[in-house]
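Residue numbers (the numbering used here): 178 to 250. Each residue gets a CB set at the ideal place from its N, CA and C atoms; glycine is no exception. Since this is a predicted model, take the numbers as computed values, not measurements. Notes follow the structure.
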């Protein structure tokens, strides 16, 4: 999973591999306050996200929190 601004190890465009970052992501899905990347979203070097998982499952676990406690995340 890549989020907007996350470092991209080595995207390759036209046979040239280089480092970059995800330039934009979803307007409505975030992880740790950063937009999640989707197929077609731009990479800062000018290429686009070409492949992704069909689904993503996130599970939140709170350890040591009493039932009914108000959580701010």
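Residues near residue i by beta carbon distance below 7 Å, same chain, minus five either side
i, result
"residue 182", "198, 199 and 211"
Identity of the residues DSSP links to residue i by a beta bridge
i, result
"residue 199", "220"
"residue 227", "According to DSSP, which records beta bridges pairwise, residue 227 is partnered with nothing at all."
CB of residue i within 8 Å of CB of residue j, strictly
i, j, result
"residue 203", "residue 213", "yes"
"residue 185", "residue 220", "yes"
"residue 208", "residue 178", "yes"
"residue 218", "residue 201", "yes"
Chain-order list of residues whose beta-carbon lies under 6 Å from that of residue i (same chain, five-residue window excluded)
i, result
"residue 226", "214, 216 and 218"
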